[in-house]
Amino acid sequence: MSDEPLAGETWHRLHPLSPVVRSGRGLLAVLALVAFSASQGLGSGGSHVYEIAVPVAAAVAAVVNWLVTRWRLDGPTLRIETGLLRRDSRQLPVARIQAVDVARPFLARALGLAELRVRLAGSSHADGRLAYLPEQAALELRARLLAAHHGLDPATPEPAERVLVTVPNGRLVGSVVLSSASLVILLMIAEVVVALEVPQALAASGGTLAVWLIALGPLVWRRLASQYGFTVAESPDGIRIRRGLLSTVAETIPGRRVQAVRMVEPLLWRPLGWCRLEIDVAGSPGRDRADGSRRMRMTLLPVGGQDVGRQLMRTVLGASEPALRRPPRRARGKAPLSYHFLASGHDAATAMAVTGRLRRFTTWLPLEKTQSVRLVEGPVQRRLGLATVHVDAAGRDVRAEFRDRPGDEARRLVDELAMLSRSARQRVPETGVRTGHEHGISPAAGQQPAERVSPPD
Amino acid sequence: MSGSAGSVTKSPSPRLWHMRRAEVAVVAGLLAALAGVGAALLSSALTGAAVAVAVALGGLVALWFVRNRFRAWTYQERDEDLLVSRGVLIRRLSVVPYGRMQFVDVTAGPVERAYRLATLKLHTAAAASDARIPGLERDEAARLRDRLAALGEAKAAGL
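One line per chain: the protein sequences are A and B, in this order.
Counted from 1, the first sequence has number 49 at position 49 by our numbering; the numbering is strictly sequential.
Counted from 1, the second sequence has number 503 at position 46 by our numbering; the numbering is strictly sequential.
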């Protein structure tokens, strides 16, 4: 298949080696099991039949799956058809793409294959997955999808990218160690307390501690393996993240899809001035109800200096940092544990808020993404003449919180933020074309409201 | 204040108060009767009466709370957004731009139907933005729904 051009109206198959990769890991596990039981000489003839039947069935299923799966890029839609008995025909409007990933699990990487994942707003059921394509074909298809997403001719070659940040692996290891260090220290303290209180129980609890430390291993390994060689690059078709040690992933998020950027500074990282940067990409109420909406949170920078983090934020959002204001002193009584961090501010394009108790969270939210502005005033706050203003973006818990502002200022803020959001939205050029979902009251519209308009980009 | 022209602060129908009052009265009455009979059976009839009165008083307190809650609920259709404010203990004010609406829900449970009322709920892509108006008269609910749909259509914006 790899020799065919990707263009055109013809249907394409996945790579013939896909079944091998898909069932690869399970196959290896079963083979190991068979070998093990055979070496033990336990298995009678009958049990061996079962042990072989399972991997054979899995392999047959994988081959059948490969046989019945086909895809094609049909102008503005990517169509994927799969399923033998229950046919699943999926149409992914290119305009609604939230992110495109090229993933290479270890086995696929060894065979020169890659999986292409197209993420849309809403639940992961709506994602389109092509596993597996030849590596080159996957990259080409990604370029075509992104070009079409931006309203260009799909044949436009992939634009050159500019590397923004590379995370040194030594620092990554250091950050993971520090993250788990807090847990280890807690366990140590518990251990010492136990030892002082009940010396007899020391042996038993020591065993527990060892188990905990061993359990930490895979966790640390997983983080290292998934974020090894972390690189963030910027290209005209979006922000591109590459990462991974054995399995690699390249994620591309078209610009203007970012709902919010958050900077997290854990307690033990703060002396080193390190931070982690996360971005939220729209998760909108798809088939589920509004409260069941999902968010997509991605790591934009696993660890880096503050200045690097802020620089990256400015690049991603194309915004500057608004001036911050602290809540009045009387808020200290209401929020004693977080008062030292609380601050918030906004300018014409961005809302920024700092919260947190031990960890510091700094959120930047482009005002053009505002879904609603809310004012919440609890009983204690009312007595102190304070109120909190929330600026919500798409998804669950994606918001900037202007905590504990003076009451009259908060009321002014609500109107001002609502107005600024409106003008920010109007500033963004809307080249969108309706996708046909009439919005409104009918139940049908309620079921598929993922997005009524293609991206303002 | 943007869009103050023609934006009147409105409240749910007074029938919502009637409905809430009936709900509280029925629940409190049943509870008082049950608790009173139970206490009377366990000890004397006098204790039973006292318990029933205590529960009924509790119902009155609940009634006062429900009344305040009903009074606190207001909404305002401004030029560009819908403003809903509610809550007694925790006061909330939501501003939802028409262009951000994903869909509008109008629901009416059996009790609400008996009182010819409906609840309107506005959904946006953000899970947190809750703009809900209970106890709208049916005509008002239909009018508001159609108006919101039309405005949402006119001012729609992408994610």
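Heads up, the beta-carbon is just placed ideally off N, CA and C, and yes, glycines get one too.
Predicted model only: the values in this text are computed from it and were never measured.
Say whether chain B places a C-beta atom closer than 9 Å to the C-beta of residue i.
i: residue 367 (chain A); result: no
i: residue 335 (chain A); result: no
i: residue 371 (chain A); result: yes
i: residue 382 (chain A); result: yes
i: residue 284 (chain A); result: Reliability of the predicted coordinates at residue 284 (chain A) is poor, the pLDDT of 37 falling under 50, and no value is obtained from them.
i: residue 344 (chain A); result: no
i: residue 349 (chain A); result: no
i: residue 255 (chain A); result: no
i: residue 415 (chain A); result: yes
Using only CA atoms, which one of the options lies nearest to residue i?
i: residue 364 (chain A); options: A:355, A:357 and A:351; result: A:351
i: residue 277 (chain A); options: A:258, A:303 and A:97; result: A:303
i: residue 231 (chain A); options: A:270, A:209, A:168 and A:271; result: A:168
i: residue 458 (chain A); options: A:100, A:117, A:101 and A:19; result: Past the edges of chain A, shown from 1 to 457, lies residue 458 (chain A), and the structure says nothing about it.
i: residue 380 (chain A); options: B:525, B:573, B:586 and B:547; result: B:547
i: residue 221 (chain A); options: A:208, A:189, A:180 and A:188; result: A:180
i: residue 338 (chain A); options: A:325, A:345, A:349 and A:359; result: A:359
i: residue 362 (chain A); options: A:186, A:246 and A:342; result: A:342
i: residue 532 (chain B); options: B:498, B:551, B:467 and B:556; result: B:467
i: residue 401 (chain A); options: A:149, A:152 and A:373; result: A:373
i: residue 551 (chain B); options: A:258, A:138, A:390 and A:31; result: A:390
Would you please verify whether the beta carbon of residue i is less than 9 Å from any beta carbon of chain A?
i: residue 517 (chain B); result: no
i: residue 537 (chain B); result: yes
i: residue 546 (chain B); result: yes
i: residue 554 (chain B); result: yes
i: residue 503 (chain B); result: no
i: residue 586 (chain B); result: yes
i: residue 468 (chain B); result: no
i: residue 522 (chain B); result: no
i: residue 514 (chain B); result: no
i: residue 531 (chain B); result: no
i: residue 549 (chain B); result: yes
i: residue 581 (chain B); result: yes
i: residue 455 (chain B); result: Since the displayed chain B opens at 458 and closes at 616, residue 455 (chain B) lies outside it and no answer follows.
Suppose you measure from the CA of residue i to the CA of residue j; what does that come to, to the nearest Å?
i: residue 260 (chain A); j: residue 600 (chain B); result: 35 Å
i: residue 523 (chain B); j: residue 484 (chain B); result: 13 Å
i: residue 62 (chain A); j: residue 560 (chain B); result: 41 Å
i: residue 178 (chain A); j: residue 237 (chain A); result: 35 Å
i: residue 34 (chain A); j: residue 27 (chain A); result: 10 Å
i: residue 262 (chain A); j: residue 308 (chain A); result: 13 Å
i: residue 536 (chain B); j: residue 394 (chain A); result: 22 Å
i: residue 288 (chain A); j: residue 579 (chain B); result: For residue 288 (chain A), the predicted structure reports a pLDDT of 34, less than 50, and the residue's modelled location is therefore unreliable. The matter cannot be settled from this model.
i: residue 266 (chain A); j: residue 356 (chain A); result: 10 Å
i: residue 235 (chain A); j: residue 159 (chain A); result: 7 Å
i: residue 612 (chain B); j: residue 593 (chain B); result: 24 Å
i: residue 29 (chain A); j: residue 418 (chain A); result: 57 Å
i: residue 92 (chain A); j: residue 409 (chain A); result: 45 Å
i: residue 112 (chain A); j: residue 24 (chain A); result: 15 Å
i: residue 367 (chain A); j: residue 209 (chain A); result: 48 Å
i: residue 77 (chain A); j: residue 300 (chain A); result: 28 Å
i: residue 510 (chain B); j: residue 470 (chain B); result: 31 Å
i: residue 21 (chain A); j: residue 399 (chain A); result: 40 Å
i: residue 486 (chain B); j: residue 497 (chain B); result: 16 Å
i: residue 508 (chain B); j: residue 492 (chain B); result: 7 Å
i: residue 15 (chain A); j: residue 142 (chain A); result: 16 Å
i: residue 582 (chain B); j: residue 52 (chain A); result: 49 Å
i: residue 567 (chain B); j: residue 378 (chain A); result: 33 Å
Pull the bridge partners of residue i from the DSSP assignment, please.
i: residue 533 (chain B); result: B:466 and B:540
i: residue 563 (chain B); result: B:577
i: residue 274 (chain A); result: A:305
i: residue 280 (chain A); result: A:260 and A:297
i: residue 250 (chain A); result: A:102 and A:242
i: residue 558 (chain B); result: B:581
i: residue 115 (chain A); result: A:103
i: residue 166 (chain A); result: A:231
i: residue 590 (chain B); result: B:577
i: residue 134 (chain A); result: A:113
i: residue 553 (chain B); result: B:539
i: residue 265 (chain A); result: A:360
i: residue 491 (chain B); result: DSSP lists no partner for residue 491 (chain B).
i: residue 120 (chain A); result: A:97
Is any non-hydrogen atom of the ligand SAH found closer than 8 Å to the C-beta of residue i, if you look at the structure I gave you?
i: residue 573 (chain B); result: As far as ligands go, the structure on display features none, and thus does not contain the ligand SAH.
- prompt: At which residue ranges does the region 11 to 98 of chain A contain complete beta strand (DSSP E) runs of 3 or more residues, listed in the order of the chain?
  reply: Segments of the beta strand (DSSP E) lying fully in the region 11 to 98 of chain A: 70 to 74, 77 to 82 and 88 to 93.
- request: At 3 residues or longer, and completely inside the region 345 to 405 of chain A: list those beta strand (DSSP E) runs for me, N to C.
  value: For the region 345 to 405 of chain A, the full-length beta strand (DSSP E) segments reaching 3 residues or more read 350 to 355, 360 to 366, 372 to 377 and 386 to 392 along the chain.
field: Complete beta strand (DSSP E) runs within the region 221 to 248 of chain A (minimum length 3 residues, chain order)
entry: Fully enclosed beta strand (DSSP E) runs of 3 or longer: 231 to 235 and 238 to 243.
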